[in-house]
Amino acid sequence: MSNAPVTLDGWYVLHDFRSIDIARWQAASAAERVNALTGFHSLIQEYERVNESQTGSFGMFRVAGHKADILLLHFRPTIEEMIETKEHLQQTAIASYLEPVHSYLSVVELGGYLAKPGVDVETDPYLQSRLKPAMPDMPYLCFYPMSKKREGQDNWYTLDNEERVRLMRSHGQIGREYANKIKQIISGSMGFDDWEWGVTLFAHDPLEFKKIVQEMRFDEVSAKYAEFGPFWVGKRTDAPTMVQVWRNMPQRMMGRKNFE
């Protein structure tokens, strides 16, 4: 029986996907809209404070396609803080117009082999920057969950440690070839969510997501042992931009008094 690998665990990660309830928003009065957008702007500013204080990371993304409209991406030191971020949103007026469509909870994960003898994980700058990542300065994001297969002969968890290391070494080489084009954050989710890992990619060019995923699909460890969940792609945005997006949505006319 093979042994479970040792991991280094960092900040918790919450991918909070929301869709705009357009019909409800169009039916809102002018006063209701102003109140909701004022609260939304304040909420995002509150979330963003952790970027300055380095007590977490936050980013907001406009999502392509119809799986969601907005992604609120949180990195925090504790589960309690993750719960609070959700509750803070629920307490705002904008929550009535934002439907939760998906979420994913995980924790930043690194291989235990990075903790080399003599290295203090808690003070090593390189390890700390990866375990507690700042939001990358890249506008595009791709997120997907994945697991390793446990089907018949294709059972990742019955392989011996040496074989797993061999397979992952080849897999990692592909990732290193994209090091200047893509920033990757791997987060473990065993016991936290429905898949085993979350993969969050950042890039200046979204086409790089297709290239790296396609190339990795042909690598042995992915072709034989990987199972992939749904993919989400989005672009970084900010509160003023999203407020303008909301303002540009026409109000449903319920008589002349509601016309803006």
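Note that our numbering numbers the sequence shown so that position 164 is 178, with each residue one more than the last.
All C-beta atoms in this analysis are idealised placements derived from N, C-alpha and C, irrespective of residue type, glycine included.
Helix, strand or coil for Met74, going by three-state DSSP, please let me know.
-> Of the three classes helix, strand and coil, the one that applies to Met74 here is strand, per DSSP.
Residues near Ser203 in its chain [Cβ-Cβ closer than 8 Å; skip 5 each side] = So the qualifying residues of the chain are Tyr118, Leu119, Ser120, Val121, Pro159, Trp209, Glu210, Trp211, Gly212.
Whole-angstrom distance between Pro254 and Ala44, CA atom to CA atom | The straight-line gap separating the alpha-carbon atoms of Ala44 and Pro254 is approximately 18 Å.
By Cβ distance, which residues of its chain are closer than 6 Å to Phe216, with the 5 residues on each side in sequence left out?
-> Excluding residues within five positions, the ones whose Cβ falls inside 6 Å are Pro150, Met152, Leu155, Lys197.
For Phe232, is the classification buried or exposed, using 16 other Cβ atoms within 10 angstroms of its Cβ as the cut-off for buried?
-> Residue environment analysis places Phe232 among the exposed positions, since fewer than 16 neighbouring C-beta atoms fall within 10 angstroms of its C-beta.
Rounded to a whole number of angstroms, what is the C-alpha to C-alpha distance between Leu221 and Glu98?
-> Computed Cα separation, rounded: 35 Å.
In this structure, does DSSP put Glu123 in helix, strand or coil?
-> In the three-state DSSP reduction, Glu123 falls in the strand class (E or B).
Jot down the residue ranges of each uninterrupted beta strand (DSSP E) in the region 114–178, minimum 3 residues, whole runs only, in chain order.
-> Fully enclosed beta strand (DSSP E) runs of 3 or longer: 154–162.
Leu173 versus Asp252: straight-line alpha-carbon distance, rounded | In this structure, the straight-line span from the alpha carbon of Leu173 to that of Asp252 is close to 45 Å.
Thinking C-alpha only, which one of Phe54, His116, Met74 is nearest Ala82?
-> Taking each of Phe54, His116, Met74 in turn and checking the Cα distance to Ala82, the smallest one comes out for His116.
Boundaries of the beta strand (DSSP E) in which Ala50 is found, first to last residue | No beta strand (DSSP E) contains Ala50, which is instead part of the alpha helix (DSSP H) from 44–67.
Cβ-based burial, Ala240 [other Cβ within 10 Å; buried from 16] | A residue is called buried once 16 or more other Cβ atoms fall within 10 Å of its Cβ, and Ala240 is buried on that count.
CB-CB length for Leu51 against Val257, believed under 8 Å = With 8 Å as the limit, Leu51 and Val257 qualify as a contact, their Cβ atoms being about 5 Å apart.
Look at Glu113 and Arg183 and say whether their C-beta atoms are less than 8 Å apart.
-> Not closer than 8 Å, so no.
Using the beta-carbon count (16 or more within 10 Å), is Glu234 buried or exposed?
-> So Glu234 ends up on the exposed side.
To the nearest angstrom, report how far apart His88 and Ser143 are at their CA atoms.
-> So the two alpha carbons sit approximately 16 Å from each other.
Compute the Euclidean distance between the alpha carbons of Lys100 and Ile93, then round it to the nearest angstrom.
-> Their Cα atoms are separated by approximately 11 Å.
Do the CB positions of Tyr61 and Phe72 come within less than 8 Å of each other?
-> Going by C-beta atoms, Tyr61 is nearer than 8 Å to Phe72.
Would the beta-carbon of Ala129 fall within 8 Å of that of Asn49?
-> No, the Cβ-Cβ distance between Ala129 and Asn49 is not below 8 Å.
Alpha helix (DSSP H) runs wholly inside the region 206–237, at least 4 long, in chain order | Along the length of the region 206–237, whole alpha helix (DSSP H) runs at least 4 residues long occupy 221–231, reported in chain order.
Contact check, Met263 vs Ile84 under 8 Å by CB: the rounded distance?
-> With 8 Å as the limit, Met263 and Ile84 do not qualify as a contact, their Cβ atoms being about 13 Å apart.
Kindly give me the distance between the Cβ atoms of Gly248 and Val77, rounded to whole angstroms, as I take these residues to be in contact under 8 Å.
-> A Cβ-Cβ distance of about 4 Å is found for the pair Gly248 and Val77, placing them in contact under the 8 Å criterion.
Give me whichever residues DSSP pairs with Thr21 in a beta bridge.
-> In DSSP, Thr21 forms a bridge with Gly125.
Taking the continuous alpha helix (DSSP H) assigned at His348, which residues delimit it?
-> The requested residue 348 is not part of the displayed model; the chain covers only 15 to 274.
Beta-carbon separation of His29 and Phe223 under 8 Å?
-> Their beta carbons are not under 8 Å apart, which means His29 does not touch Phe223 by this criterion.
Please state if the CB of Leu124 and the CB of Thr21 are separated by a distance shorter than 8 Å.
-> It is a contact, given that the beta carbons lie within the stated cut-off.
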